[in-house]
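Undergrad:
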Amino acid sequence: MTRRITISLPDDVAEYVERSHGTTSGFIADVLRRKMRADGLRARWAEHGYVVTDEDVERARRRLAEQPPITDEQHDRNMRWLRQFGDDEGSAAA
3 MTRRITISLP DDVAEYVERS HGTTSGFIAD VLRRKMRADG LRARWAEHGY
53 VVTDEDVERA RRRLAEQPPI TDEQHDRNMR WLRQFGDDEG SAAA
């Protein structure tokens, strides 16, 4: 089931979505699903006493950006490992 809602985006963001990602609705839905999964993970971690802040996430992103990229084989191994935790769509790390 879907609901129709109307949003406004800054011109540069709207142009990026239109140029790069097919339908705007699909793109926005994908981004929001990723945000929902991230919020769910943060909530689960908080239940166990681990509070993750936006600053923590940015620090981790900076550290990861300094690392060499992983191989496709390593990515596949990582994804198989993550699937054992079984979220709704089979991709716990998105």
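In the numbering used here, the protein residues as written are 3 to 96. Where is the CB? At the ideal position from N, CA and C, for every residue including glycine. For clarity, every value in this text was computed on a predicted model and none was experimentally measured.
Can you name the start and end residues of the alpha helix (DSSP H) that R6 belongs to?
TA: First-last for R6: undefined, no H or E at that position.
Undergrad: Hey, how far is the Cα of E75 from the Cα of Q86?
TA: The alpha-carbon atoms of E75 and Q86 are separated by roughly 18 Å.
Undergrad: With H, G and I counted as helix, E and B as strand and the rest as coil, what does DSSP make of Y18?
TA: In this structure, Y18 counts as helix in the three-state DSSP scheme.
Undergrad: Helix, strand or coil: which one does DSSP assign to V54?
TA: Looking at V54 - three-state DSSP - the assignment turns out to be coil, as it is neither helix nor strand.
Undergrad: To the nearest angstrom, how far is it from the Cα of T4 to the Cα of L84?
TA: Their backbone Cα atoms lie some 29 Å apart in a straight line.
Undergrad: Compare the C-alpha of S27 against each of W47, T8, R63, D56 and name the closest.
TA: Cα-wise, what sits closest to S27 is T8.
Undergrad: Identify the continuous alpha helix (DSSP H) that holds E49 and give its terminal residues.
TA: Taken as a continuous stretch (DSSP letters only), the alpha helix (DSSP H) holding E49 covers 26-49.
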